[in-house]
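FYI, in our numbering the residues of the sequence shown are 8 to 385.
Notes for the one structure printed next.
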Amino acid sequence: MKVLVTGGAGFIGSHTTDLLVERGYDVTILDNLDPQVHGSNAKVPPWTQALIHQKKIRFLRGDVRDRGLMTPLVDEVDAVIHLAAAVGVGQSMYQPHYYIDVNLSGTALLLDLLANEKHHVQKLIVASSMSIYGEGSYQCARCGKIQAGVSRSLDQLKGRDWEPKCPRCSNSLEAIPTDESKVIESSSIYAISKRVQEEMVLMMGKTYSIPSFALRYFNVYGPRQSLSNPYTGVAAIFLSRILNGNRPMIFEDGNQSRDFIHVRDIARANLACLESKQSGQYALNVGCGHRISVNQIAEILIRKLDPKLSSEVVFKFREGDIRHCYSDPSAIARLLGYKPEMNFESGLDDLIDWCRAEQASDKVGQSYDELAARGLVR
Ligand SMILES: NC(=O)c1ccc[n+]([C@@H]2O[C@H](COP(=O)([O-])OP(=O)(O)OC[C@H]3O[C@@H](n4cnc5c(N)ncnc54)[C@H](O)[C@@H]3O)[C@@H](O)[C@H]2O)c1
Ligand SMILES: [Zn+2]
8 MKVLVTGGAG FIGSHTTDLL VERGYDVTIL DNLDPQVHGS NAKVPPWTQA LIHQKKIRFL
68 RGDVRDRGLM TPLVDEVDAV IHLAAAVGVG QSMYQPHYYI DVNLSGTALL LDLLANEKHH
128 VQKLIVASSM SIYGEGSYQC ARCGKIQAGV SRSLDQLKGR DWEPKCPRCS NSLEAIPTDE
188 SKVIESSSIY AISKRVQEEM VLMMGKTYSI PSFALRYFNV YGPRQSLSNP YTGVAAIFLS
248 RILNGNRPMI FEDGNQSRDF IHVRDIARAN LACLESKQSG QYALNVGCGH RISVNQIAEI
308 LIRKLDPKLS SEVVFKFREG DIRHCYSDPS AIARLLGYKP EMNFESGLDD LIDWCRAEQA
368 SDKVGQSYDE LAARGLVR
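Written out as structure tokens, the structure is:
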């Protein structure tokens, strides 16, 4: 079976490609080697280079918005795993045109080709994101389950009152697992692009009877996560701070929480969709179902790497950040029998082992300045 993996040189794409190659799939990668991810001289990363060298994959450098390039590719393959995207939540708030262009025009072109050109694509998998939910689900002792309308006002945040309140009775709330029925309340351009991308793929999949999956990945971490891109995941950002002798910088009070899933488990979820016999269209959470606070991550990393350091809690907040969101992973377990396997501590060890051999340049100060200059950090 031939599979096109867009963004296949990136973090999730490369682990997905490795797994597909291990399982005997014939993989073509299309990736433009975005300099923000791959560095300014944008070389093919070593993990992709190794597969090219061993003649295990075909690699094409190019843009998912390039019709001339995409047309023959889509014609050749049986399945598309579409991961190429611009991926920074904060950055999307000051580069909205770029984010919408890459994330939505790229997807629209793929769908245009599926609608108009000859092809035999039997499976579409697209990377959606937990960020589309906005705040996760909460429980109010008086009002019950709250699936919409939870947000924190500017005044509340300025008063350093971080936990969201019940939108009906202002009571305090308890975070509970977020399932796919949660109302979508995207709070960044990036999240909006992912929400619309998901809808486009599932709707066109239904229209043209192509089995389709939009996977709402939670916070992904692991080896090959860009350490130099200050807009990627918090575990990698903290690691590059610590490896450069700097204190991890924590927004709010650090008790905000997320659901961290190892990249290899994400690759396994992609494979499970690829191999599924389900013929419909599905939006599914891919997370572990546990919440971990930002303070906990910083503590674990400091303990493992440099116990002299302490984290720097700045009590500032970023526009668009949510307080808590963690997955209810039961839908994908029911539909595909899929469950993540890696626990968080061993997953972090895996990331640390890889990082020690890497050159992580710490650009957190620069990204902070870019956001602050636009009033996006307060
Ligand atoms: N990492 C996470 O925590 C996370 C969470 C939810 C969803 N996702 C989604 O997963 C997908 C992969 O993310 P990742 O973390 O591997 O990011 P990444 O930046 O490591 O990988 C993205 C890849 O796409 C390539 N790319 C960017 N623009 C392109 C274009 N116009 N044409 C061709 N290639 C292009 C980049 O060069 C890069 O190799 C994205 O769609 C992202 O939105 C990631
Ligand atoms: Zn209430």
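Even glycine gets a Cβ: it sits at the ideal position worked out from N, Cα and C.
Since we're looking at a predicted model, the values are computed, not measured.
For residue 357, the closest C-alpha among the options 337, 308, 316 is that of 308. Within 7 Å of the C-beta of residue 78 there is not a single heavy atom belonging to ligand 1.
Residue 288 carries a strand assignment under DSSP once its states are collapsed to helix, strand and coil.
At least one heavy atom of ligand 1 sits closer than 7 Å to the Cβ of residue 90. In the structure shown, residue 147 falls within a strand segment according to DSSP collapsed to helix, strand and coil. Assigned with DSSP and collapsed to three states, residue 57 falls in helix. In this chain, residue 135 is not harboured by any alpha helix (DSSP H); it is covered by the beta strand (DSSP E) spanning 130-136.
Three or more Cβ pairs drawn from the region 200-207 and the region 134-142 lie within less than 8 Å of each other, which places the two stretches in contact. Residue burial is scored here from C-beta neighbours: residue 161 has fewer than 16 other C-beta atoms within 10 angstroms and is therefore classed as exposed. Sorting 187, 143, 361, 167 by C-alpha distance to the C-alpha of residue 181 places 143 at the top.
Secondary-structure assignment with DSSP links residue 13 through a beta bridge to 37, 89. Cβ contact annotation for residue 118 (same chain, cutoff 8 Å, sequence separation greater than five): 207, 208, 211, in chain order.
Within the model, the alpha-carbon separation for residue 151 versus residue 176 is close to 11 Å.
Rounded to whole angstroms, residue 217 and residue 293 show a C-alpha spacing of 21 Å. In the same chain as residue 188, and ignoring 5 residues on each side of it, the C-beta atoms closer than 8 Å to its own belong to 154, in chain order.
Not one heavy atom of ligand 1 lies closer than 7 Å to the C-beta of residue 67. The three-state reading of DSSP puts residue 104 in helix, counting H, G and I together.
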